[in-house]
Each structure stands twice: as C-alpha cells, then as structure tokens.
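S.K.: Under our numbering, read the sequence shown as residues 26 to 214, first letter to last.
Backbone N, C-alpha and C define an ideal beta-carbon position, used for all residues, glycine too.
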Amino acid sequence: MAGVIGFGAPVLAQSAPAYNPATAETFGPDGKPRVTGRIDWGLWIDPDGCMHWWADGGLEGYMVPRRDPKTGKAVCLKRNTCAIEGTDTLFATDSARLTASGRARLENLFRNQGAFGYAIYGHTDSRASDAYNMDLSKRRAQSVANVARAVGANVERVEWHGERQPRATNSTAAGMQQNRRVEIVCYRW
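1. Cβ atoms of Ser162 and Cys187: under 8 Å apart, would you say?
2. I think Thr96 touches Arg205, with their Cβ atoms under 8 Å apart; what is that distance to the nearest whole Å?
3. Express the C-alpha separation of Val172 and Thr194 in angstroms, rounding to a whole number.
4. What are the complete beta strand (DSSP E) segments, minimum 3 residues, inside the stretch 65-128?
5. Within the continuous beta strand (DSSP E) that includes Gly187, where are the two ends?
6. Who are Ala144's beta bridge partners in DSSP?
7. Given that a residue counts as buried once 16 or more other Cβ atoms are within 10 Å of its Cβ, and exposed if not, what is Val89?
8. Please classify Thr149 as buried or exposed, where buried requires at least 16 other C-beta atoms within 10 Å of its C-beta.
9. For Asp155, which residues of its own chain have a beta-carbon under 7 Å away from its beta-carbon, when the five flanking residues on both sides are left out?
10. Return the CA-CA distance between Asn179 and Phe141, expressed in angstroms with no decimal places.
11. Using only the alpha-carbon positions, how far apart do Asp160 and Asp55 sit?
12. Sorted by chain position, which residues of the same chain lie with C-beta nearer than 6 Å to Glu110's C-beta, five sequence neighbours on each side aside?
13. Taking DSSP as the reference, what is the three-state secondary structure of Gly177?
14. Would you give the residue range spanned by the alpha helix (DSSP H) that Gly56 belongs to?
15. Answer with buried or exposed for Gly74, where buried requires no fewer than 16 other C-beta atoms within 10 angstroms of its C-beta.
16. Cutting at 7 Å between CB atoms, please list the residues of its own chain near Thr114, excluding the five before and the five after it.
17. With distances taken from CA atoms, which of Thr118, Ile64 and Val100 is nearest Ile70?
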C-alpha cells in the first residue's frame with residue numbers, strides 16, 4: 026500500500042522569488058508560497074504482521090506504529106502461509122517464466138484468498154552456485170509478485186533466499202523438489 030503524493034509543481038519565475046526568513050518559505054512571482062518536492066509514503070508490515078506508517082521526503086524519513094485509536098495497541102495482521110507452490114509446476118526448468126497453467130493457478134489464488142497483503146519468498150535447491158540460485162529465486166519471486174499485482178493484490182514484501190533455507194535435504198531428488206518452491210504468506214485482519 027505504498028503511494029506517492031506530489032506537492033505542487035515547480036513554478037518557473039522570470040525573476041528570483043522572494044525569500045521570507047521568518048517562515049523559511051520562498052514565494053513565487055504571484056506572491057504564493059512555492060512548495061516543491063515529493064513525499065513517498067506507505068504502509069510497512071513487519072514479518073510478524075504488525076503495521077507501521079512510513080514517510081520519506083528525501084532528507085529524512087520516519088516510521089511509526091499504526092495504533093488502534095480505542096486501545097492504543099499496535100495494529101497487527103494475522104499472518105499465515107497460504108500457499109507453498111513448487112516451482113516445478115509454475116516454471117520451466119531453470120527459468121523464471123511462468124507456465125500458462127502456473128500463471129492461471131496463481132491468478133486464481135490471489136483473486137480468491139481475500140488477504141490484506143502478501144509476502145512472497147523464492148527458494149531453490151542447491152544444484153547451481155549460490156549466486157546463480159539467489160538470482161533465480163529472485164526472478165521467480167518477482168514473477169509471482171507481478172501476477173499478484175496484475176490482479177490487484179497488495180504485495181507487501183518480495184524476498185529470495187536461493188538455496189539458503191531448505192525444507193528438506195538436497196542429497197535426494199525428492200528433497201531437492203521440496204526445496205524448489207515459492208512460499209506465499211497472507212496477511213489478514
């Protein structure tokens with residue numbers, strides 16, 4: 026749920042705008058305060074599901090917990106793993122391009138989960154180098170995130186771990202198959 030708010034557009038003055046030291050504002054030729062810049066803002070969800078508002082105007086940023094006005098407690102979402110998709114069924118071997126059936130399954134999942142937001146984690150087995158596996162898991166996680174965004178789902182986090190977080194042994198074909206996966210975490214109220 027990140028967005029950008031733009032405050033004004035640069036005013037092109039033919040003469041130098043006046044500066045008021047009392048208010049630290051610069052005024053344009055029309056006498057109105059000249060405000061330019063962009064503030065990036067959004068909602069950050071921690072891995073445990075707790076939400077924080079953040080803003081960054083370029084010079085400094087801040088993050089504050091989102092609090093329930095009635096109780097004063099931090100607002101946290103329920104977090105659960107809503108899908109673990111084996112990449113063998115989503116992608117061709119050694120590829121981050123989704124198969125037609127894999128894309129259809131993911132579109133259905135993201136349309137029907139009813140979650141507030143999603144976190145997507147890419148993983149591989151250990152057959153290639155660590156650097157290659159990190160890149161492959163990144164590209165696959167981003168492909169899944171792109172499908173989610175295309176159907177209007179809110180993707181809060183995309184991470185890739187390559188071979189570094191195996192679910193099973195990499196010494197057997199069955200274990201390696203379990204390690205080649207994309208985990209999708211749902212955040213719900």
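M.R.: Judging by the given coordinates:
1. Here residue 187 is taken as the residue at index 162 of the sequence shown, counted from 1. Here residue 162 is taken as the residue at index 137 of the sequence shown, counted from 1. Going by the sequence as given, residue 187 is Gly instead of Cys. Yes. Within cutoff.
2. Here residue 96 refers to the residue found at position 71 of the sequence shown. Here residue 205 refers to the residue found at position 180 of the sequence shown. With 8 Å as the limit, Thr96 and Arg205 do not qualify as a contact, their Cβ atoms being about 43 Å apart.
3. For the purposes of this step, residue 194 is identified with residue 169 of the sequence shown, where counting begins at 1. For the purposes of this step, residue 172 is identified with residue 147 of the sequence shown, where counting begins at 1. Each residue's alpha carbon lies about 30 Å from the other.
4. 76-81, 86-90 and 103-111
5. By 1-based counting over the sequence shown, the position of residue 187 is 162. Element bounds for Gly187: n/a, residue is neither H nor E.
6. In the sequence shown, the residue the question calls residue 144 occupies position 119. In DSSP, Ala144 forms a bridge with Arg182 and Val210.
7. The residue given as residue 89 occupies position 64 in the sequence shown. Counting Cβ neighbours within 10 Å, Val89 comes out exposed, since fewer than 16 surround it.
8. The sequence position of residue 149 within the sequence shown is 124, counting from 1. Thr149 should be labelled buried.
9. In the sequence shown, the residue the question calls residue 155 occupies position 130. Excluding positions up to five away in sequence, the list reads Gly187 and Glu188.
10. Taking the first residue of the sequence shown as 1, we reach residue 179 at position 154. Taking the first residue of the sequence shown as 1, we reach residue 141 at position 116. Their backbone Cα atoms lie some 7 Å apart in a straight line.
11. Indexing the sequence shown from 1 puts residue 160 at position 135. Indexing the sequence shown from 1 puts residue 55 at position 30. Roughly 53 Å between the two C-alpha positions.
12. Locating residue 110 in the sequence shown gives position 85, counting from the first residue. For Glu110, where only same-chain residues beyond five positions count, the Cβ hits under 6 Å are Val207.
13. Taking the first residue of the sequence shown as position 1, residue 177 is located at position 152. The answer is coil: DSSP assigns Gly177 none of H, G, I, E or B.
14. Looking up residue 56 in the sequence shown gives position 31. Here Gly56 belongs to no alpha helix (DSSP H), and DSSP marks it neither H nor E.
15. Your numbering for residue 74 matches position 49 in the sequence shown. Buried: at least 16 other Cβ atoms inside 10 Å.
16. Here the question's residue 114 lines up with position 89 in the sequence shown. Cβ neighbours of Thr114 beyond the five flanking positions: Gly127.
17. In the sequence shown, residue 70 corresponds to position 45, counting from 1. For the residues Thr118, Ile64 and Val100, the minimum Cα distance to Ile70 belongs to Val100.
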